[in-house]
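J.: Everything in the sequence shown is counted per full-length UniProt numbering, starting at 1 for the first residue and increasing by one.
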Amino acid sequence: MPIYPAHGEGRDISCPICSTGWLFDVVQLPPLRERQSDIMLMAEHFAIQMCRELRLPLFSRFLPIGQKETLLHYAWPGNVRELKNVVERSVYRHGSSEQPLDEIVIDPFQRHPAEPPAPRPASGIRHA
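1) Assuming W76 contacts E82 under a Cβ cut-off of 8 Å, what Cβ separation, rounded to an integer in Å, is found between them?
2) According to DSSP, is residue 169 part of a helix, a strand, or is it coil?
3) Label V26 either buried or exposed according to how many other C-beta atoms from any shown protein chain fall within 10 Å of its C-beta, with 16 as the threshold for buried.
4) If we count the other Cβ atoms within 10 Å of its Cβ and call it buried at 16 or more, is P116 buried or exposed?
5) The alpha helix (DSSP H) that contains S37, what's its start and end?
6) Consult DSSP for Q99 and reduce its assignment to one of helix, strand or coil.
7) When burial is assigned at 16 or more other CB atoms within 10 Å of the CB, is S90 buried or exposed?
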């Protein structure tokens, strides 16, 4: 994801691009899936923000180990914005900070496999 910090100090501003006195440098950040150490820091930050927004007390323990693994092993094609949405949605659905988040909802539209229909009670009618 490119980031464009703007600055003009100590730069040659005679080029047409820089005629305004601003020079834009492109800083390349690796995707979130390549920054494993950042995932849990950001997830906790987003959970704290969401708790404050919902006026919930902060989590004493944010995630159980299994849920941490879910976050760390997901590919995050949407990068930080997707991580933020996942954490906010999970905190909102959980609705309490007294217990750790027991479910991380990566894709709210994912369909779970349908349960097989319950067996019908056998009737006493026999067909000839």
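We treat Cβ as the ideally placed atom computed from N, Cα and C, and that holds for glycine.
T.: In terms of the structure at hand:
1) 6 Å
2) For residue 169 there is no data in the structure shown, the boundaries of the chain being 1 and 128.
3) exposed
4) For P116, the pLDDT reaches just 46, beneath the cut-off of 50, and the residue's location in the model is therefore unreliable, although a value from the coordinates is still provided. Classification of P116: exposed, given that the 10 Å Cβ count is below 16.
5) 36 to 54
6) coil
7) buried
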